[in-house]
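Scroll down for the structure; my scribbles are underneath it.
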Amino acid sequence: NVLILDFGSQYTQLIARRVRELNIYCEIHPFHKIPEDLSSFKAVVLSGSPFSVRGEDAPHPDLSNIRGKLPILAVCYGAQYFAHFHGGEVAPSNIREYGRANLSVIKDNEVLFENIKENSQVWMSHSDTIKDLPTNAVRLASTADVLNVAYRIDGEETYAIQFHPEVYHTTDGKQLLENFLVKIAGTAQSWTPGAFVDLTIHELREKIGDDKVVLGLSGGVDSSVAAVLLHQAIGKNLYCIFVNNGLLRKNEFESVLHQYKDMGLNVKGVDASARFLEALKGLSDPELKRKAIGNTFIEVFDDEAHEISNVTYLAQGTIYPDVIESVSVNGPSVTIKSHHNVGGLPDFMKLKIVEPLRMLFKDEVRRVGKELGIDKDLLGRHPFPGPGLAIRILGDITEEKVRILQEVDHIFIQGLRDWMLYDKVWQAGAMLLPIQSVGVMGDERTYEQVVALRAVESTDGMTADWVNLPYEFLQKTSNTIINRVKGVNRVVYDISSKPPATIEWE
Ligand code: XMP
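Sequential numbering of the sequence shown, starting at 122, is according to the working numbering.
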């Protein structure tokens with residue numbers, strides 16, 4: 122197990138992902154909340170930081186329980202931290218130290234740089250430079266412009282590097298992390314999907330025993346993987362509920378329900394479309410629509426959960442990015458990142474929570490799903506928002522609008538699949554706009570609705586860019602939509618990035 126101390130860098134999660142890619146388990150903790158019991162950790166990585174060590178508010182953690190006791194790799198801020206506070210000197214740099222650089226000198230026979238050759242490309246991002254190394258330091262590498270790019274402290278296993286090994290553009294970054302974690306710290310590379318499945322099933326059995334668990338399935342990757350894991354752990358004591366809110370994709374409820382049953386899950390499909398539609402009546406404000414859907418879901422779910430006697434646990438598909446406590450850049454206070462899945466427990470359901478995926482990143486959830494034998498179509502599905510088509514129909518919702526959008530969306534998504542584009546896109550969908558435009562069909566004037574198609578590439582939905590879909594595909598899709606979907610006479614393609622535009626239009 123590796124401890125990653127977060128100093129607020131935008132790359133902290135990337136460090137964790139790189140470590141996990143080496144099949145090594147790691148956890149991220151804020152620098153001011155170092156776990157008291159360090160016995161399970163074999164190595165520590167200090168992240169970068171937006172702070173300057175020379176600033177008044179610079180994080181100055183007490184590392185006395187760690188330093189000299191566990192191997193440390195200090196990245197960027199950490200490298201400057203040791204220099205500034207332990208006998209060296211950090212000063213503003215005269216030249217810019219951002220982006221690409223190449224290691225021009227690497228000290229011979231240093232384990233940290235094993236299998237890394239001079240000239241290797243590294244990625245820098247800092248405005249201060251280390252003028253003098255801390256006490257007892259040995260320089261390990263330089264670039265043409267920066268003398269003290271990497272060093273270690275003699276007599277302890279403390280290593281510091283000024284560049285970011287976690288970013289893709291540092292060519293040998295993964296090798297360096299492996300050198301540190303495996304060769305220096307002796308960490309085992311045993312964190313595999315198979316090991317996770319075995320361990321988690323064992324832990325779930327221990328924790329849950331013969332109690333009953335209820336879980337809401339959404340058709341998405343996270344809840345599906347959580348369900349299969351729990352099913353393998355406790356079998357029929359897992360009760361799954363899959364609610365049709367009437368705002369899903371065309372045929373989705375039936376086909377996904379069928380798939381779940383095929384997987385052997387104990388699942389009940391609840392068609393509550395009418396109840397959701399009723400709750401949405403007359404609402405056009407996006408946040409009010411979200412609230413109405415959220416509340417209705419809780420009501421429906423609660424009704425269903427009451428049908429099962431003696432339930433003890435509520436299972437959720439929460440994943441690690443929703444759990445990590447992030448370090449606020451604006452001061453020492455912490456903010457907890459809250460997302461759709463977190464804190465979803467209504468007061469009136471006094472159930473204990475079980476979250477089997479809470480330590481996994483999304484790509485790991487997919488790998489675990491594959492290990493569990495879940496269909497790859499299900500694992501590769503695009504994200505789909507909880508409020509579904511309701512936030513893609515701008516303005517108020519009617520049954521007719523839902524039907525129109527389902528048809529349009531179906532043509533678009535099926536087209537992406539037929540053209541082998543589906544897996545190249547992170548998320549795609551159609552928006553029904555609250556405007557009509559004039560058209561001509563045959564000799565008739567039409568005055569019908571406009572739909573916008575959106576397809577984006579992204580890694581986490583936080584930032585995204587529109588996808589350059591082939592013109593022929595867009596042409597064909599637009600044609601099919603206008604010919605087949607009554608009520609639509611115009612199709613546009615959204616070419617906005619996020620930021621500033623969001624992925625959903627509402
Ligand atoms: P935005 O529109 O904020 O979307 O760029 C980012 C990601 O979040 C999804 N999204 C939601 N998911 N409930 C959800 O479960 C919501 O209310 C919601 N709003 C946006 C969106 O589909 C995209 O993947």
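Glycine included, each C-beta is placed from N, C-alpha and C at the ideal position.
Residue j and residue i - do their beta-carbons sit closer together than 7 angstroms?
i, j, result
"I362", "G337", "yes"
"F505", "Y441", "no"
"L224", "T264", "yes"
"V588", "V529", "no"
"Q77", "N236", "Nothing about residue 77 can be read from this structure; the chain reaches only from 122 to 627."
"L368", "L510", "yes"
"A164", "L378", "no"
"D392", "N416", "no"
"I227", "E218", "no"
"L191", "V166", "no"
"L325", "A354", "yes"
"I136", "I125", "yes"
"I445", "I155", "no"
"R411", "P508", "yes"
"Q283", "A200", "yes"
"L472", "S345", "no"
"I216", "D253", "no"
My understanding is that residue i touches residue j, with C-beta atoms under 8 angstroms, so please give their C-beta distance in whole angstroms.
i, j, result
"E625", "I512", "5 angstroms"
"I274", "P255", "7 angstroms"
"D127", "S168", "5 angstroms"
"E476", "Q437", "5 angstroms"
"E408", "L515", "No, E408 and L515 are not in contact; Cβ-Cβ is about 13 angstroms, not under 8 angstroms."
"A551", "V572", "5 angstroms"
"V288", "W244", "5 angstroms"
"T584", "P620", "7 angstroms"
Taking the C-alpha atoms as reference points, what is the distance between residue i and residue j?
i, j, result
"Y614", "N387", "41 angstroms"
"Q134", "Q557", "45 angstroms"
"T291", "D586", "23 angstroms"
"N230", "A281", "17 angstroms"
"R566", "V606", "17 angstroms"
"V140", "S339", "30 angstroms"
"I616", "L537", "17 angstroms"
"N372", "V123", "45 angstroms"
"L553", "F533", "13 angstroms"
"D343", "L478", "8 angstroms"
"T580", "T433", "35 angstroms"
"G341", "H247", "39 angstroms"
"Q596", "L590", "10 angstroms"
"E142", "L298", "11 angstroms"
"S241", "L233", "14 angstroms"
"H503", "V577", "10 angstroms"
"Y543", "A395", "31 angstroms"
"A271", "F203", "12 angstroms"
"A262", "R221", "15 angstroms"
"D424", "K328", "26 angstroms"
"H294", "G307", "The sequence shown places Gly at residue 294, not His. Each residue's Cα considered, the two are about 18 angstroms apart."
"G582", "G563", "42 angstroms"
"N604", "T519", "22 angstroms"
"T598", "E521", "21 angstroms"
"Y198", "R175", "11 angstroms"
"I322", "D383", "21 angstroms"
Would you please verify whether the beta carbon of residue i is less than 7 angstroms from any beta carbon of chain B?
i, result
"V196", "This model lacks chain B altogether; it includes just one protein chain."
Leaving out the 5 sequence neighbours to the left and right, which residues in its chain are closer than 6 angstroms to residue i when beta-carbon positions are compared?
i, result
"P182", "F152"
"S674", "With the chain running from 122 to 627 in the structure shown, residue 674 is simply not present."
"H460", "A caution first: H460 carries a pLDDT of 36, below 50, which makes its placement in the model unreliable, though a value can still be read off. So the list reads D443, once near-sequence residues are dropped."
"I474", "L435"
"S214", "T250"
"A179", "F172"
"K389", "I362"
"H352", "L359 and L386"
So, at 7 angstroms on beta carbons, what are the nonlocal neighbours of residue i in its own chain, with the 5 sequence-adjacent residues on each side left out?
i, result
"A413", "A400, L401 and L404"
"R138", "F482"
"F422", "G337, I362 and V364"
"L526", "L510, R513, I514, A551 and L553"
Can you give me the Cβ contacts of residue i inside the same chain, cut-off strictly under 8 angstroms, excluding the 5 residues immediately before and after it?
i, result
"E569", "Q557, S558, G560, G608, V609, N610 and R611"
"P314", "E485, R488, V489, K491 and E492"
"D406", "none"
Report yes or no: do the stretch 349 to 367 and the stretch 327 to 336 share at least 3 C-beta pairs separated by less than 8 angstroms?
-> yes
Determine contact between the stretch 239 to 258 and the stretch 193 to 210, defined as no fewer than three beta-carbon pairs at a distance below 8 angstroms.
-> yes
The stretch 149 to 163 / the stretch 182 to 189 touching (three or more Cβ pairs under 8 angstroms) | yes
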